[in-house]
Amino acid sequence: MKRTWLGHLSVAAAAGILLLPVAHAAERLCEDKISAVRQQLEQAQAHGNHHRVRGLQRSLQSIEENCTNEKVLAEAAEEVRESQEEVRERELVLEEALREGDEDNIQKRRKKLAEEVRELEEHTQELNLLQQRINE
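Final position of the sequence shown in our numbering is 193; the numbers increase by one with none missing.
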């Protein structure tokens, strides 16, 4: 009887130890979000920005109550999709400017497209970093 109980206890302890990294990974992105908001909150408090403090407190409460890794990744993936759409739209506008042949308009459109491409790269990099962060 004692051996069985000790055997179960050791299995349970080993399982608990093995699951700790998984549990920690499950909360990692939300912890990062909470940490970032807390830093902003401290800065707002230090500068006496009461309106920002209230907004950040609401944001912090919402994150603490509702945040999951899946939601954080979904938000980042949505930003990537929106950026991809913006790039496609800017490409179409540039194509139209090229057809019209107005050099000033073409340069403006190329500049806008380059800005959107940089934003897409930033969002993609952020999503990739979040996915890596979960796997750490």
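Glycine is no exception: its CB is placed at the ideal position from the N, C-alpha and C atoms. It should be emphasised that the depicted structure is a prediction, and the values quoted were computed from it without experimental measurement.
If you draw a straight line from the alpha carbon of residue i to that of residue j, how long is it in whole angstroms?
{"i": "asparagine 106", "j": "arginine 156", "result": "51 Å"}
{"i": "isoleucine 120", "j": "glutamate 136", "result": "18 Å"}
{"i": "glutamate 178", "j": "serine 140", "result": "9 Å"}
{"i": "glycine 112", "j": "glutamine 118", "result": "10 Å"}
{"i": "serine 11", "j": "glutamine 164", "result": "Only positions 58 to 193 of the chain appear in the structure, and residue 11 is not among them; the question remains open."}
{"i": "glycine 158", "j": "glutamate 152", "result": "10 Å"}
{"i": "valine 110", "j": "asparagine 192", "result": "33 Å"}
{"i": "histidine 180", "j": "cysteine 124", "result": "20 Å"}
{"i": "histidine 81", "j": "glutamate 183", "result": "Confidence at histidine 81 is low in this model, with a pLDDT of 46, below 50, so the placement of that residue is unreliable and no value is reported for it."}
{"i": "glutamate 173", "j": "arginine 167", "result": "10 Å"}
{"i": "glutamate 160", "j": "glutamine 100", "result": "46 Å"}
Please name the residue, chosen from the options, that lies closest to residue i on a Cα-to-Cα basis.
{"i": "arginine 145", "options": "Asn162, Glu132, Ile191 and Ala171", "result": "Ala171"}
{"i": "glutamine 102", "options": "Gln114, Cys124 and Glu173", "result": "Gln114"}
{"i": "glutamate 143", "options": "Asp161, Asn123, Glu176 and Glu122", "result": "Glu176"}
{"i": "glutamate 88", "options": "Asn126, Val174, Asn162 and Arg166", "result": "Asn126"}
Measuring CB to CB, does residue i end up less than 8 Å from residue j?
{"i": "arginine 85", "j": "arginine 190", "result": "yes"}
{"i": "leucine 98", "j": "alanine 133", "result": "no"}
{"i": "lysine 169", "j": "arginine 147", "result": "yes"}
{"i": "lysine 90", "j": "valine 129", "result": "yes"}
Which residues mark the beginning and the end of the alpha helix (DSSP H) in which residue i is found?
{"i": "aspartate 161", "result": "160 to 192"}
{"i": "glycine 204", "result": "As shown, the chain starts at 58 and ends at 193. That puts residue 204 outside it, with no answer to give."}
I'd like to know if residue i contacts chain B, where contact means its C-beta is closer than 8 Å to some C-beta of that chain.
{"i": "alanine 154", "result": "Here there is only one protein chain, and chain B is not present."}
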